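Q: Those protein sequence lines, which keep their order, are chains A and B.
Here the first sequence is numbered in my numbering, starting from 1 and rising by one per residue.
Here the second sequence is numbered in my numbering, starting from 1 and rising by one per residue.
Using N, Cα and C, we set each Cβ at its ideal position, and we do this for glycine too.
In this text, all values refer to a predicted model and were calculated from it rather than measured experimentally.
Number of protein chains: 2
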Amino acid sequence: MKIGVIGLGTVGFGAVEILTQQKERLEKQIGEEVIVKYGCSLDEVTLPEEIIYTQDFHDVINDEEIDVVVELIGGTTIAKTIILEALKKGKHVVTANKALIAHDGQEIFETASQHNAKIYYEAAVGGGIPVVVPAKEDLIANEIEKIEGILNGTTNFILTLMETDNLDFDEALTIADGLGFVEADASLDLDGIDAAHKIQILAMNAFEMFFDFNKIQATGIRNVTKKDMDYAKKLGYRIKLIAQAKKLDKGYGIDVSPTLIGIKDIVANVNQAYNVVEITCNYLENVIFYGKGAGRYVTASAVVSDIIKTHKQDMWKHDYQYEECIYPITYSKYYVRCDHPLDIDYETYFSQDKDHIYITNKIELDELQKQLQNETYNLFKVRG
Amino acid sequence: MKIGVIGLGTVGFGAVEILTQQKERLEKQIGEEVIVKYGCSLDEVTLPEEIIYTQDFHDVINDEEIDVVVELIGGTTIAKTIILEALKKGKHVVTANKALIAHDGQEIFETASQHNAKIYYEAAVGGGIPVVVPAKEDLIANEIEKIEGILNGTTNFILTLMETDNLDFDEALTIADGLGFVEADASLDLDGIDAAHKIQILAMNAFEMFFDFNKIQATGIRNVTKKDMDYAKKLGYRIKLIAQAKKLDKGYGIDVSPTLIGIKDIVANVNQAYNVVEITCNYLENVIFYGKGAGRYVTASAVVSDIIKTHKQDMWKHDYQYEECIYPITYSKYYVRCDHPLDIDYETYFSQDKDHIYITNKIELDELQKQLQNETYNLFKVRG
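(1) With residue 428 of chain A as the anchor, note down where its beta strand (DSSP E) starts and where it stops.
(2) Under 8 Å, with one C-beta from each stretch per pair, do the region 140-157 of chain A and the region 235-245 of chain A reach the 3-pair mark?
(3) For residue 218 of chain A, which of helix, strand or coil comes out of DSSP?
(4) Do you know how far the Cα of residue 280 of chain B is from the Cα of residue 369 of chain B?
(5) Under 8 Å between beta-carbons, which chain A residues line up against residue 266 of chain B? List them in chain order, please.
(6) Between B/250, B/304 and B/5, which lies nearest to residue 26 of chain B when the distance is taken from Cα to Cα?
(7) Quick one: Cα of residue 337 of chain A to Cα of residue 128 of chain B, how far?
(8) Evaluate the contact criterion for the region 293-310 of chain A versus the region 339-353 of chain A: three or more CB pairs, one atom per stretch, below 8 Å.
(9) Note down, in chain order, every chain B residue with its Cβ under 8 Å from the Cβ of residue 305 of chain A.
(10) Kindly indicate which three-state DSSP category residue 14 of chain B falls into: helix, strand or coil?
(11) List, in chain order, every chain B residue whose beta-carbon is nearer than 7 Å to that of residue 236 of chain A.
(12) Kindly indicate if chain A contains any beta-carbon less than 8 Å away from that of residue 423 of chain B.
(13) Could you pull the DSSP bridge partners for residue 255 of chain B from this structure?
(14) For residue 317 of chain A, go through chain B and note every residue whose CB falls closer than 8 Å to its CB, in chain order.
(15) Interface residues of chain D around residue 286 of chain B at Cβ under 7 Å?
(16) Answer with yes or no whether the minimum CB distance from residue 463 of chain B to chain A is below 8 Å.
(17) Classify residue 90 of chain B as buried or exposed, calling it buried when 16 or more other Cβ atoms lie within 10 Å of its own Cβ.
(18) Counting only Cβ pairs nearer than 7 Å, list the residues of chain B close to residue 93 of chain A.
(19) If you draw a straight line from the C-alpha of residue 247 of chain B to the C-alpha of residue 276 of chain A, how long is it?
(20) Pull up the distance between the alpha-carbon of residue 283 of chain A and that of residue 308 of chain B, whole angstroms please.
(21) Roughly how far, in whole angstroms, is the beta-carbon of residue 245 of chain B from the beta-carbon of residue 253 of chain B, given that I think they are within contact range, below 8 Å?
(22) Ordered along the chain, which non-local residues of its own chain (more than five positions away) have a Cβ less than 6 Å from that of residue 45 of chain A?
(23) Which residues of chain B have a Cβ atom closer than 7 Å to the Cβ of residue 373 of chain A, listed in chain order?
(24) Looking at the secondary structure, which residues open and close the beta strand (DSSP E) in which residue 69 of chain A lies?
(25) Is residue 376 of chain B helix, strand or coil by DSSP?
(26) Which residue from A/143, A/6 and A/251 puts its Cα closest to that of residue 55 of chain A?
(27) Chain B partners of residue 22 of chain A, CB-CB under 7 Å?
(28) Classify residue 320 of chain A as helix, strand or coil using the three-state DSSP reduction.
(29) Does the distance from the CB of residue 316 of chain B to the CB of residue 21 of chain A come in under 8 Å?
(30) Within the same chain, show all residues whose beta-carbon is closer than 8 Å to that of residue 372 of chain A, passing over the 5 residues directly before and after it, in chain order.
(31) Could you have a look at residue 337 of chain B and say whether DSSP puts it in helix, strand or coil?
(32) Counting contacts by CB-CB distance shorter than 8 Å, is residue 301 of chain A in contact with chain B?
(33) Kindly indicate which residue of A/53, A/264 and A/64 has the alpha-carbon position closest to the one of residue 87 of chain A.
(34) According to the Cβ coordinates, are residue 42 of chain B and residue 76 of chain B closer than 8 Å?
(35) Quick one: any contact between the region 210-230 of chain B and the region 359-369 of chain B, if contact means 3 or more CB pairs under 8 Å?
(36) Residue 318 of chain B: buried (16+ other C-beta within 10 angstroms of its C-beta) or exposed?
This is the structure in structure tokens:
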């Protein structure tokens, strides 16, 4: 197996390090040589001397010896060109590029199919946590019914900080930023877009359908307040940014939104920058995968397992149908904090200061919002 | 792929049902026919008419058309004969038989290797939770350092009941028994032997070594009392039956013992009959797999994914070395309840009624026990 790594930033360089350090063990496991032939990056980096350094990705893609192209530059422009060109040459591709797979998965998967090449992207979801491949291969007996997860470490770190240090969103954001947890484009994380990329990828594979990413409704954590966290706690809940996908009677529900989760629930105990994915299916019932969602070696670990996996047969195909009907999941219990009592069915109610706080029974969101027309309110989903 | 299922009890019949119900989908995924040709059982059962019923396992093993033999009768006698004979004929074997793999894994794996046959046993550990294969294939980049888990549902159910309903062990056991959670041979569960089978299997694969099962020290939950649970709770801990395996400076530590775990720890929040496995490794840090540890379709789900996996190449080999040096893990923090104050380094101490309760600093067990020579005491490990 001869590998070209394109993009030598944090994860790319980490993958080269692991492949170098573990070379002997990996080769023994799969009975095949594991050679990194190229490292490609616009920024000059020092590589082990047996690896050819290039700034031109065509050197990698045009080399007939290369079996696996690893795309780790990110973004949806050049990365897309690289991946499509590599697949068209029949090379297997490994990537961590969640935005690209979420937006252009259909084109990429179809190109891979046409050219009998494999495309793996375990590192795109949940950092190093094995979930993309296990959800297909290890759960292959099952029909997947629902996926729920904390898929963004930055927002989970901020929510954890708000809770433990009793901070408001802006205060926690400043601290998280100071600790290097916030990316240059903070909106991807804070507005739930990154989590939406990831749930889109999991949903495609779970339901064997292609979806239009632009139809996925993502709500981030900017409207989570210290006050709501306190009320949630008083009611026995934590607030987490939950990405969710499930089969509806017609079509599929996929969304990202802050959600109250009972504190005894395993998912509510996923704190700091950890990620979790819970999959509900027909035979296995529910299964949870948990681990660190980011970090050089954490993510590179998933990239390397993908590289090694290209040497064996797939147990699954990416030949999905396109599905038009995707919706936010609006039939839910809700947490509502408002100024006046409401005329609704609820599970719990209390008032404190000038606030009226409800955990409602399950209700359609628009029905609930009719009640809130003239109110100042804050509202989150409640899991369960 | 033509399959013979030997043993048509709860799990075996469940596997036949799943293979029948999901036939079309499975065939589409792997591009190959998936046919159950035989069902073999001493007890007469009604099978779909296209499946040949037999009471003689030789019918299955001697049929040249059969690719995969599924052994689900359990035990370490006939099951072993069936597995070894099938492997010797070059047939792949899928089993859920933890006792057999724990005791005779080396012989079975070596036989499989010699005859170029595969042996899969995902269902042997954690019921349907994907962990055996993911620990090898998805974590292939990593060197595994430590494994900890709640691997026995019955004891976890009893411990949960003791805590939630404030019961002593005997009371909770009676209830669990009434609910069908206790097997005929209760000792396998209650004395930690079943959990030891499972940690042995995980440890073999993680460390790529064969171990002698008889060297594994297992302590069950019979000495966990309501009183100790209360004290643990007061200190911010829960008591769980933890199976653990880790590299020591010389050799390997493997044991099963009741252990206090901080209540904020994910593992402490695994209740009822659920199982959990936490794997610590060099790149991925820690990753957790959680789900139901038993149940017809839960376990059959893992059996079926194993069956389907026999159609592709392995990413790992079972050609491990035999390792002599395995020990219980005795250097730990301990919870001690005793009659008199002790002269030890501790993290926490309080006394209540006539009890003196400690969370010690890390200490070797025999050093601690010297202090306790003339005491009446109860003692558990503390995680961390």
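A: On the basis of the data shown:
(1) It is not possible to answer for residue 428 of chain A, since the shown part of chain A is limited to 1 through 384.
(2) yes
(3) strand
(4) 29 Å
(5) 266, 269, 270 and 290
(6) B/304
(7) 41 Å
(8) no
(9) 137, 138, 139, 140 and 141
(10) helix
(11) The contacting residues do not exist; residue 236 of chain A stays about 14 Å from chain B at best.
(12) This structure leaves residue 423 of chain B out entirely; chain B is present only between 1 and 384.
(13) B/217 and B/244
(14) 28, 29 and 31
(15) Protein chains in the displayed structure are A and B, and chain D is not among them.
(16) Since the first residue of chain B shown is 1 and the last is 384, residue 463 of chain B is not available in this structure.
(17) exposed
(18) Within chain B, no residue comes near residue 93 of chain A; the closest Cβ sits about 18 Å away, beyond 7 Å.
(19) 27 Å
(20) 16 Å
(21) 7 Å
(22) 8
(23) In chain order: nothing, as chain B lies at least about 40 Å away.
(24) 68-71
(25) coil
(26) A/6
(27) 141
(28) coil
(29) no
(30) 336, 338, 342 and 379
(31) strand
(32) yes
(33) A/64
(34) no
(35) no
(36) buried
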